[in-house]
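Student:
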Amino acid sequence: MSEGKIQLVGLSFEELEQWTLGQKQPRFRAKQLYGWLMKGAAFSEMTNLPAAFREVLEREALANPVRIERCVKSKLDGTEKFLYALEDGNLIEGVLMRYHHGNTLCLSTQVGCKMGCAFCASTLNGCVRNLTSGEMLGQVLCANRHLSETAPGEKVGNIVLMGSGEPLDNYENTLKFLRLALDERGLNQSARGISLSTCGLVPRIYQLAEEGIPLTLSLSLHAPNDGIRARLMPITRSYSMDQVLEACRYYVEKTGRRVIFEYALVRDINSDLRHADELAHKLRNLQCHVNVIPLNDVPERNLRAPDTHTVQAFLNRLALRHISATRRREMGDDIQGACGQLRRHAMEEMGKPTSGEE
Ligand code: SAH
Numbered sequence: 000m001s002e003g004k005i006q007l008v009g010l011s012f013e014e015l016e017q018w019t020l021g022q023k024q025p026r027f028r029a030k031q032l033y034g035w036l037m038k039g040a041a042f043s044e045m046t047n048l049p050a051a052f053r054e055v056l057e058r059e060a061l062a063n064p065v066r067i068e069r070c071v072k073s074k075l076d077g078t079e080k081f082l083y084a085l086e087d088g089n090l091i092e093g094v095l096m097r098y099h100h101g102n103t104l105c106l107s108t109q110v111g112c113k114m115g116c117a118f119c120a121s122t123l124n125g126c127v128r129n130l131t132s133g134e135m136l137g138q139v140l141c142a143n144r145h146l147s148e149t150a151p152g153e154k155v156g157n158i159v160l161m162g163s164g165e166p167l168d169n170y171e172n173t174l175k176f177l178r179l180a181l182d183e184r185g186l187n188q189s190a191r192g193i194s195l196s197t198c199g200l201v202p203r204i205y206q207l208a209e210e211g212i213p214l215t216l217s218l219s220l221h222a223p224n225d226g227i228r229a230r231l232m233p234i235t236r237s238y239s240m241d242q243v244l245e246a247c248r249y250y251v252e253k254t255g256r257r258v259i260f261e262y263a264l265v266r267d268i269n270s271d272l273r274h275a276d277e278l279a280h281k282l283r284n285l286q287c288h289v290n291v292i293p294l295n296d297v298p299e300r301n302l303r304a305p306d307t308h309t310v311q312a313f314l315n316r317l318a319l320r321h322i323s324a325t326r327r328r329e330m331g332d333d334i335q336g337a338c339g340q341l342r343r344h345a346m347e348e349m350g351k352p353t354s355g356e357e
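In terms of numbering that gives the first Met the number 0, the sequence shown has 197 at position 198, counting the first letter as 1, and numbering is strictly consecutive.
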């Protein structure tokens, strides 16, 4: 059981060193332990630690707080979807995408989400709780271990915070996770290989710009104006599109990184050529790229993707208006690749409630 135990994955190296010294261990022990933890190893596998210390670890501490409960692999493109179990029994999900340029892992940052976007399955039950930095890091460790067993020599190369949850609504844990992922003594991830996707919590975007982590900011825009955006995304009531775009402009200035706008095309709502024109006008002079994504249908809400012709016409129109845009490749179409879908199905199977307020 995990009660009262200290969670070691998620501690910074310095914090781990303090804890290890407190256990009357020599300083170099922390380095050994940290190395093992970042490999996702269990205490029993840490063979160069003295048996007595391993006993202390078993009794007092926890290593990876995340484990893969289920894994589904796409027959179409090799994409793998993980259902992870947390220590308290909550379930979260993640996706491992195998691109030519490397492996990209999509992480969750909360159990559920409270942002209420009309098209998103993650938010249907509200937000249950924030994930800790260790639970975010733990997802990467699980995926790396899974890769070492199934594709020796491969590792997670890129990390996208695009799973369930709003990362900027769980700011401190997300930042601690990012700093851990960048730590040279651990995963040694490059900031350029990290994308953070947000529905646009404006004050947090300004704050993120000051952190000195040049990651890619992905902004879920999904509309060319406030009227349409408000129908899809309740956050529009707190921050207008102008405020969001101003914050993005600041992010570009401060970090030198272009911003990626996510734009899910929804039939009869935001996929007209006049919407493309309006979007292009709003994004002029902003260093950005638009990812156009045909919506993953949400039949319960009668929200559907437009036909392929409309998608292509939208893309062509953006190109004509000198806006860099591509259609995002849909991965894992046969395995419920979209946010929140697998967790929802698993919870239904297990007889856990999947609707109603939290
Ligand atoms: N909360 C963050 C990250 C999680 S969602 C955010 O809002 O960006 C990851 C991306 O998937 C977001 O761009 C989100 O808008 C998009 N998304 C959610 N449901 C979708 C659906 N049914 N079809 C297409 N994209 C969807």
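Ideal Cβ placement from N, Cα and C applies to all residues, glycine included.
Within 10 Å of its beta-carbon, does residue 202 have 16 or more other beta-carbons around it, so buried, or fewer, so exposed?
Tutor: For the purposes of this step, residue 202 is taken as the residue at position 203 of the sequence shown. Residue 202 is exposed by the Cβ-count criterion.
Student: So the candidates are 177, 189, 317, 50; which of them puts its Cα closest to the Cα of residue 278?
Tutor: For the purposes of this step, residue 278 is taken as the residue at position 279 of the sequence shown. Answer by Cα proximity: 317.
Student: Taking 6 Å as the cut-off, is the CB of residue 161 close to at least one heavy atom of ligand 1?
Tutor: Taking the sequence shown and counting its residues from 1, the one referred to as residue 161 is at position 162. Result yes, Cβ under 6 Å from ligand 1.
Student: Give me the Cβ distance between residue 62 and residue 41, rounded to the nearest whole Å; I'm assuming they're in contact under 8 Å.
Tutor: As a working note, residue 62 is residue 63 in the sequence shown. As a working note, residue 41 is residue 42 in the sequence shown. Indeed, because the Cβ distance is near 6 Å, the residues count as touching under 8 Å.
Student: Does the pairing of the stretch 252–260 with the stretch 203–221 give three or more beta-carbon distances under 8 Å?
Tutor: Enough Cβ pairs lie closer than 8 Å, so yes.
Student: Taking 6 Å as the cut-off, is the beta-carbon of residue 234 closer than that to any non-hydrogen atom of ligand 1?
Tutor: Working through the sequence shown from its first residue, we reach residue 234 at position 235. No; taking the cut-off as 6 Å, the Cβ of residue 234 has no heavy atom of ligand 1 nearer than that.
Student: In whole angstroms, what separates the C-alpha of residue 85 from that of residue 135?
Tutor: Along the sequence shown, one-based indexing puts residue 85 at 86. Along the sequence shown, one-based indexing puts residue 135 at 136. So the two alpha carbons sit approximately 11 Å from each other.
Student: Going by CA-CA distance only, name the one from 159, 34, 236, 169 that's closest to residue 189.
Tutor: Indexing the sequence shown from 1 puts residue 189 at position 190. When only C-alpha atoms are compared, the closest one is 159.
Student: Who pairs with residue 268 in a beta bridge, going by DSSP?
Tutor: Within the sequence shown, numbered from 1, the residue matching residue 268 stands at position 269. In DSSP, residue 268 forms no bridge with anything.
Student: Can you name, in chain order, every residue of its own chain whose Cβ lies under 8 Å from the Cβ of residue 122, other than the five neighbours on each side?
Tutor: Here the question's residue 122 lines up with position 123 in the sequence shown. 111, 112, 113, 114, 115, 116, 339, listed in sequence order.
Student: Ends of the alpha helix (DSSP H) at residue 242?
Tutor: Looking up residue 242 in the sequence shown gives position 243. Looking at the DSSP string, the run of the alpha helix (DSSP H) that includes residue 242 is 240–254.
Student: Assign residue 313 to buried or exposed, taking buried as 16 or more other Cβ atoms, counted over all protein chains shown, within 10 Å of its Cβ.
Tutor: Within the sequence shown, the letter at position 314 stands for residue 313. That one is buried.
Student: Below 8 Å, can you find three or more Cβ-Cβ pairs linking the stretch 9–17 to the stretch 169–182?
Tutor: At 8 Å Cβ cutoff, the stretches touch.
Student: On the DSSP bridge list, what partners appear for residue 111?
Tutor: If you number the sequence shown from 1, residue 111 lands on position 112. Answer by DSSP bridge pairing, in chain order: 126.
Student: Can you name, in chain order, every residue of its own chain whose Cβ lies under 8 Å from the Cβ of residue 233, other than the five neighbours on each side?
Tutor: Walking along the sequence shown from the start, residue 233 turns up at place 234. Around residue 233: 114, 115, 116.
Student: Look at the alpha carbon of residue 126 and the alpha carbon of residue 164, and state the distance between them as a whole number of angstroms.
Tutor: Here residue 126 is taken as the residue at index 127 of the sequence shown, counted from 1. Here residue 164 is taken as the residue at index 165 of the sequence shown, counted from 1. Near 8 Å, if we compare the C-alpha coordinates of residue 164 and residue 126.
Student: Enumerate in chain order the residues of its own chain whose CB-to-CB distance from residue 72 is below 6 Å, with the five nearest sequence positions on each side excluded.
Tutor: Here residue 72 refers to the residue found at position 73 when the sequence shown is read from its first residue. Around residue 72: 79.
Student: Since I believe residue 268 is in contact with residue 289 (beta carbons under 8 Å), could you give me their beta-carbon distance rounded to a whole number of angstroms?
Tutor: In the sequence shown, the residue the question calls residue 289 occupies position 290. In the sequence shown, the residue the question calls residue 268 occupies position 269. Incorrect: roughly 17 Å between the Cβ atoms, too far for contact.
Student: Report buried or exposed for residue 92, applying the criterion of at least 16 other Cβ atoms within 10 angstroms of its Cβ.
Tutor: Translated into positions along the sequence shown, residue 92 becomes position 93. Classification for residue 92: buried.
Student: Compute every distance between the C-beta of residue 197 and the non-hydrogen atoms of ligand 1, then say whether any falls below 6 Å.
Tutor: Residue mapping note: residue 197 aligns to position 198 of the sequence shown, counting from 1. The answer is yes for residue 197.
Student: Is the CB-CB distance between residue 294 and residue 324 below 7 Å?
Tutor: In the sequence shown, counting from the first residue as 1, residue 294 sits at position 295. In the sequence shown, counting from the first residue as 1, residue 324 sits at position 325. Taking 7 Å as the Cβ cut-off, residue 294 and residue 324 do not qualify as a contacting pair.
Student: First and last residue of the beta strand (DSSP E) that includes residue 79?
Tutor: Here residue 79 corresponds to residue number 80 of the sequence shown, with the count starting at 1. Here the beta strand (DSSP E) through residue 79 covers 79–85.
Student: Would you check whether ligand 2 has a heavy atom nearer than 6 Å to the C-beta of residue 324?
Tutor: Within the structure as shown, ligand 2 is missing, the only ligands being ligand 1.
Student: Just how far apart, CA to CA, sit residue 311 and residue 271?
Tutor: Here residue 311 corresponds to residue number 312 of the sequence shown, with the count starting at 1. Here residue 271 corresponds to residue number 272 of the sequence shown, with the count starting at 1. Residue 311 and residue 271: Cα-Cα distance of roughly 11 Å.
Student: Taking only three categories from DSSP, how would you classify residue 158?
Tutor: Numbered from its first residue, the sequence shown carries residue 158 at position 159. Of the three classes helix, strand and coil, the one that applies to residue 158 here is strand, per DSSP.
Student: Count the other CB atoms, across all protein chains shown, that sit within 10 Å of the CB of residue 132; report buried if there are 16 or more and exposed otherwise.
Tutor: Residue 132 sits at position 133 when you count from the first residue of the sequence shown. Buried, because 16 or more other Cβ atoms sit within 10 Å of the Cβ of residue 132.
Student: To test your reading of the DSSP string, which unbroken alpha helix (DSSP H) runs of 4 or more residues are found completely within the stretch 148–213?
Tutor: 170–181, 201–208, all fully within the stretch 148–213.
Student: Counting only the same chain and skipping the five closest in sequence on each side, list residues whose C-beta sits under 7 Å from that of residue 198.
Tutor: Mapped onto the sequence shown, residue 198 falls at position 199. Taken in chain order, the residues that qualify are 114, 116, 165, 219, 232, 234.
Student: Does residue 103 pass the burial test, meaning 16 or more other C-beta atoms within 10 Å, or should it be called exposed?
Tutor: The residue labelled residue 103 in the question sits at position 104 within the sequence shown. Buried, since its Cβ has 16 or more Cβ neighbours within 10 Å.
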